[in-house]
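What the sequence shown shows, in our numbering, is residues 2 to 58, in sequence order.
Presented below is the structure to which this report refers.
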Amino acid sequence: MADTHKLDCESVSDTCRFIIQSENETEAVELAQKHMAEVHGQEFTADELKDDHLQVV
Ligand SMILES: [Zn+2]
2 MADTHKLDCE SVSDTCRFII QSENETEAVE LAQKHMAEVH GQEFTADELK DDHLQVV
C-alpha cells in the first residue's frame, strides 16, 4: 500500500474544511499550493507545506 499524503485545511484555517489527499506527494503539494493561493490568498512554499501541514496517513 502506498502512503497517502493528506492536507487538512482545517489546520490552516478555522473555517475551511477542504481536504487534499493523494498518493503522490508532489501532486498533493501542488494542489495544496493552488488551494492556499486561490482560496486563502496565502503563498506557501513546498517545504512549508510538507514540514507543517502535510500528513502521511
Ligand atoms: Zn482552505
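Note that beta-carbon positions come from the ideal geometry of N, C-alpha and C, so glycine has one too.
This one's a predicted model, so the numbers in the text were calculated from it and none came from an experiment.
Counting only residues of its own chain and dropping the five nearest sequence neighbours on each side, V13 has a CB closer than 8 Å to the CB of M37, H41, Q43 and H54. For H6, DSSP records a beta bridge to S23 and V57.
Counting the other CB atoms within 10 Å of its CB gives A29 a total of 16 or more, which places it among the buried residues.
Chain-ordered, the residues whose CB falls short of 6 Å from any heavy atom of ligand 1 come out as C10, S14, C17, F19, H36, V40 and H41. About 6 Å separates the Cβ atoms of T5 and E24, confirming a contact at the 8 Å cut-off.
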